[in-house]
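Novice: Before anything else, here's the structure in question.
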Amino acid sequence: MLLGYVLAVLAAVASGSGSILESAGVRRAGAFGGSPQDLVALRRQPLYFLGVGVDLLGFVFAAAALHRLPLFLVQSVLAFSVGVTATISAILGVRLAGAGWAALGVGATGLVLLGLSAEPGPARLLSPGWQLLLVGVAVVIAAIAFAAQRGDGRWSPIVLGFCAGLGFSTVGIAARTLDVSGPLWHLVLEPALWAMIANGLVAAVAFAMALQRGRATAVTAIMFTTNTAVSSLIGVVALNDRVREGFTAAAGAGFVLAVAGAIGTAHYAAHRTEPSTSAA
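FYI, this note's numbering numbers position 62 of the sequence shown as 62, with every residue one higher than the one before it.
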């Protein structure tokens, strides 16, 4: 269980760092505020791909943690990576207000409560049919993201961040239920693996478009809040994620505090000016 905690924390640090690097890459490419076609310029931005690589490393850490800990705990830790994003932004010149640091403390308290209340163990495996359905979710998310990117209103980055959250929550669900007990080559035949790949790609593109239109911290908060809420609910209802006996209230309070802390941190950070391209 201790290894699971370490892996979850490493995943959060990697995800928060990757968000900043990707945002900086989008701005250096001159794609911020433009059209999705402008994202082609990212091919000349190694900083963006470094961010993607760091995110992928975080995903590996998260997938390993999900084989040991419930979704509601791992995803809450990942949601709190917005604190990592805000802290790095502060170092780069985006000063976080005192209330923002207080929100970080609230979120950290929630994570402690979740850590104490989580019952470690493997998840209930989904049937191949349900795993194939997870692959199809990527198509639905892609359609919503495509419609959202055609709009120019303030809701566009919100919807795109929401789509990214849905995609990454599906990745988490698939990772939690992936059967790795057989030979390595059997993984190629696992629908859960393809669900992870398809939804991960769609979520990454939606997140890139969201960064193109909104602030990194705010977009990250929307993405991780959606990711945490959806995947945690499904984990408890369908995947046999459990809370320690007598810790139900602590788990509920911890979940609320962790998500509220992430949202609060993003709220106060979003009211500051983003770091300039050169600073990033």
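Even glycine gets a Cβ: it sits at the ideal position worked out from N, Cα and C.
From a predicted model like this one, the values you see are computed outputs, not experimental measurements.
1. Taking all protein chains shown into account, do 16 or more other C-beta atoms lie within 10 angstroms of the C-beta of valine 259, making it buried, or fewer, making it exposed?
2. For leucine 71, which of Trp194, His186, Ala204 and Phe168 has the nearest alpha-carbon?
3. So, helix, strand or coil for glutamate 119, using DSSP?
4. Whose C-beta lies closer than 6 Å to the C-beta of isoleucine 88 among residues of the same chain, with five residues either side of it excluded?
5. Touch check for the region 205 to 224 and the region 161 to 178: three-plus C-beta pairs under 8 Å?
6. With H, G and I counted as helix, E and B as strand and the rest as coil, what does DSSP make of arginine 68?
7. Starting from glutamine 45, trace the alpha helix (DSSP H) in both directions and tell me its first and last residue.
8. Counting only the same chain and skipping the five closest in sequence on each side, list residues whose C-beta sits under 7 Å from that of glutamine 75.
9. Measuring CB to CB, does leucine 239 end up less than 9 Å from arginine 176?
10. Measuring only the C-alpha atoms, how far is serine 276 from glutamine 45?
11. Look at the Cβ atom of tyrosine 48, then the Cβ atom of glycine 25, and state whether they are nearer than 9 Å.
12. Could you tell me the alpha carbon to alpha carbon distance between glycine 105 and histidine 186, rounded to whole angstroms?
13. Give me the residue from Leu189, Ile91, Phe80 and Ala198 with the minimum Cα distance to glycine 136.
14. Valine 139 by DSSP, collapsed to three states: which one?
15. I'd like to confirm the pairing. Which residues does DSSP put opposite arginine 242 in its beta bridges?
16. What's the gap between the Cα of valine 6 and the Cα of glycine 129?
17. At what residues does the alpha helix (DSSP H) containing arginine 176 begin and finish?
18. With distances taken Cα to Cα, identify the nearest neighbour of phenylalanine 247 among Ala118, Leu78 and Asp152.
Specialist: So, from the data block:
1. buried
2. Phe168
3. strand
4. Ile20
5. yes
6. coil
7. Glutamine 45 -> no alpha helix (DSSP H), and no H or E assigned at all.
8. Gly172, Asn227, Thr228, Ser231 and Ser232
9. yes
10. Model confidence at serine 276 stands at a pLDDT of 38, short of 50, so the residue's coordinates are unreliable; what they give is reported in the following sentence. When rounded, the distance between both Cα atoms is 16 Å.
11. yes
12. 44 Å
13. Ala198
14. helix
15. Glu119
16. 33 Å
17. 155 to 177
18. Ala118
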